[in-house]
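J.: Here you go, one structure.
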Amino acid sequence: MSVVHPDAPAPEPAGEWTDELLSGWGRTAPTMARVLHPARESNTVDAVMAAGPRGIVARGLGRGYGDCAQNAGGWVLDGPSRSGLIDVDLSNGIIRVLAGTSLDDLMRWLVPLGYFVPVTPGTRLVTVGGAIAADIHGKNHHVKGSWCNHLLSLRIVDGTGEVREITPDGDPDVFWATAGGMGLTGIVLDATVRMTPIGSSLINVDTDRAADLDDVMSLMVEGDEHYEYSVAWIDLVARGRHMGRSILERGRFATRAEALGTGLADPHHYATHMLPAPPDVVPSGLLNRLTIKAFNELWYRKAPVRRRNELRGIEAFFHPLDMVSDWNRMYGPRGFLQWQFAVPDSGSEVVRTAVERLSGAGVSSFLAVLKRFGPGNDGPLSFPMAGWTLALDIPVLAGLDRLLDELDEQVVAAGGRVYLAKDSRVRPELVPEMYPRLSEWRDVRDKMDPEGRFHSDLSRRLGLA
Ligand SMILES: Cc1cc2nc3c(=O)[nH]c(=O)nc-3n(C[C@H](O)[C@H](O)[C@H](O)COP(=O)(O)OP(=O)(O)OC[C@H]3O[C@@H](n4cnc5c(N)ncnc54)[C@H](O)[C@@H]3O)c2cc1C
2 MSVVHPDAPA PEPAGEWTDE LLSGWGRTAP TMARVLHPAR ESNTVDAVMA
52 AGPRGIVARG LGRGYGDCAQ NAGGWVLDGP SRSGLIDVDL SNGIIRVLAG
102 TSLDDLMRWL VPLGYFVPVT PGTRLVTVGG AIAADIHGKN HHVKGSWCNH
152 LLSLRIVDGT GEVREITPDG DPDVFWATAG GMGLTGIVLD ATVRMTPIGS
202 SLINVDTDRA ADLDDVMSLM VEGDEHYEYS VAWIDLVARG RHMGRSILER
252 GRFATRAEAL GTGLADPHHY ATHMLPAPPD VVPSGLLNRL TIKAFNELWY
302 RKAPVRRRNE LRGIEAFFHP LDMVSDWNRM YGPRGFLQWQ FAVPDSGSEV
352 VRTAVERLSG AGVSSFLAVL KRFGPGNDGP LSFPMAGWTL ALDIPVLAGL
402 DRLLDELDEQ VVAAGGRVYL AKDSRVRPEL VPEMYPRLSE WRDVRDKMDP
452 EGRFHSDLSR RLGLA
């Protein structure tokens, strides 16, 4: 009789395995895991069934900022190993797509055919699986909601090894627990998505320079409903009477006639540009208060005070950061974190307090983005709620945690929450207050994963599952 030690590593099922040190986009807290690159669906099912006590979690393109797609000492399933379109219904704009497919690929394949993704985050380098697990939002949340609002169905391997086809009407509990469920209800294999028809690949953009925070917030409250896409870039370095000065960019896809009017031969022409990545060794202080201040000053000054009907390409409007490959390395070895919260309209003072406290404390953010959210959906862990969301990239520095802890408490008091896909530091006891339907989500998850096979560093850190 052979005796297996309870802590012995689980025997690995067939497939290509590698050892990898994984981190999120912020490059803090990397951990080692065994990574499976599944060649076929059965590899994924077998891995779920064979996962040991440290469990398994899927990983997309690692654009989550924190630790949601890593699993110290356990297994990680590399989503992009399985990517591609399964089915395309061009007359209705409906696609079935493998979960490891990137939005980058979807745009390259489908924009020339007259379709855009229903929701895009600030980078197109995310997978469909990652978009579902975080229920991502874009600059159009106030009119179109988040990614999972546009899913007709998905297929998932749950913790019993069963492959289930799930629809929002047929299995609402399971569907909505998976939407924003951070990969902890199972591994999404593929999804059926309704794409957005577009008359051209150009965006018709209106730009307004706002003198301060009040100015930008009132412009957004008064005008966002007239635009499909809206985002404000805040200069967090500015203080005093300039505090919160911003560039507000709002737009809609240009019509075919508008695009042809520019002389473009193909109104759906789609191209992207990527500059080389920064070198591997970047001095820790490259993005420091001075360089960030200079960048923000330049960004603010280069924007027109008011401009209407500028035609801009998809990349320039939606994904300017993607033009520099691996730009996260510019923060140096210490990395950086992203803090993003949402508050209802009644808590809009928290936006002001956050900007005041962070700029007052000399915290410099290369990127501070303010957006309006429309109503959230039925996902118990889905992040968006009607109101405001503010997202900031912040270099890791001493004292930051205490300040953010205080601000988190104000977010909770206002009925708001932080975004789990970007979190690397929130205090676990605040999570049930931020996500009051957490226990409802846990009940569904426990049914989908009765043996507790799905784990990540995030789930352990926050005691989610
Ligand atoms: C520059 C930048 C800008 C961003 N802007 C936005 C924004 O505007 N709006 C927004 O909502 N988000 C934004 N994000 C965050 C990003 O959209 C999400 O973190 C997204 O989940 C990343 O997808 P990914 O494929 O890289 O997944 P990963 O980061 O690898 O994983 C994210 C989560 O998805 C899970 N997952 C991945 N694949 C699967 C699968 N097949 N089955 C089940 N679970 C899976 C993982 O377990 C993990 O919990 C931004 C990120 C960056 C770096």
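Terminal number for the sequence shown in the numbering used here: 466, no gaps in between.
Beta carbons are placed, not taken as given, at the ideal position from N, Cα and C, and that holds for glycine.
Within 10 Å of its beta-carbon, does S43 have 16 or more other beta-carbons around it, so buried, or fewer, so exposed?
T.: Result: exposed.
J.: Does the distance between the C-beta of A70 and the nearest non-hydrogen atom of ligand 1 fall short of 7 Å?
T.: Flag set: Cβ of A70 near ligand 1.
J.: Roughly how many angstroms lie between the CA atoms of W328 and L23, to the nearest whole one?
T.: Those two C-alpha atoms are separated by around 17 Å.
J.: What's the C-alpha gap between E17 and H38?
T.: Distance between the alpha carbons of E17 and H38: 5 Å.
J.: Skipping 5 residues on each side, what residues in its chain have a beta carbon closer than 6 Å to that of G464?
T.: Cβ neighbours of G464 beyond the five flanking positions: P429.
J.: What residue range does the alpha helix (DSSP H) around E42 cover?
T.: Start and end: 42-51.
J.: If you draw a straight line from the alpha carbon of R246 to that of G380, how long is it in whole angstroms?
T.: Their Cα atoms are separated by approximately 34 Å.
J.: For T19 and G139, what's the separation of their Cα atoms in angstroms?
T.: For T19 and G139, the distance between alpha carbons rounds to 34 Å.
J.: Determine the closest residue to P198 out of V232, K145, G115, with distance taken between C-alpha atoms.
T.: Of V232, K145, G115, the residue nearest in Cα terms is G115.
J.: What residues in its chain sit with their C-beta under 6 Å from that of D90, if we drop five residues either side in the sequence?
T.: Cβ neighbours of D90 beyond the five flanking positions: none.
J.: Rank H143, P437, P113, L107 by C-alpha distance to the C-alpha of A132 and give the top, closest one.
T.: Answer by Cα proximity: L107.
J.: Buried or exposed for H142, please, with buried defined as at least 16 other CB atoms from any protein chain shown within 10 angstroms of its CB.
T.: By the neighbour-count rule (16 or more Cβ atoms within 10 Å), H142 is buried.
J.: Are there any heavy atoms of ligand 1 lying less than 7 Å away from the beta-carbon of I137, as far as the coordinates show?
T.: Flag set: Cβ of I137 near ligand 1.
J.: For ligand 1, is there a heavy atom less than 7 Å away from the beta-carbon of M183?
T.: Yes, Cβ of M183 sits closer than 7 Å to a heavy atom of ligand 1.
J.: Which residue comes first and which comes last in the alpha helix (DSSP H) that contains E223?
T.: Unbroken alpha helix (DSSP H) run through E223: 214-224.
J.: Is it right to say G146 is buried, meaning 16 or more other beta carbons lie within 10 angstroms of its own, or is it exposed?
T.: It counts as buried.
J.: Pick from F318, T273, G56, P14: whose alpha carbon is nearest that of P113?
T.: Considering only alpha carbons, the answer is T273.
J.: With DSSP as the reference, identify every bridge partner of H456, one or two as the case may be.
T.: Note: H456 sits in no beta bridge, so no partner.
J.: Assign I235 to buried or exposed, taking buried as 16 or more other Cβ atoms, counted over all protein chains shown, within 10 Å of its Cβ.
T.: It counts as buried.
J.: So, using beta-carbon positions, are P119 and V36 closer together than 8 Å?
T.: Contact: no.
J.: Smallest Cα separation from G417: which of A466, V351, V77, D207?
T.: Of the candidates A466, V351, V77, D207, the one whose C-alpha sits nearest the C-alpha of G417 is V351.
J.: So does S349 have its beta carbon nearer than 7 Å to some heavy atom of ligand 1?
T.: No, Cβ of S349 sits at least 7 Å from all heavy atoms of ligand 1.
J.: In this structure, how does DSSP classify I199 when only helix, strand and coil are distinguished?
T.: Residue state, collapsed to three classes: coil.
J.: How is the beta strand (DSSP E) around D79 delimited, first residue to last?
T.: Its beta strand (DSSP E) spans residues 76-79.
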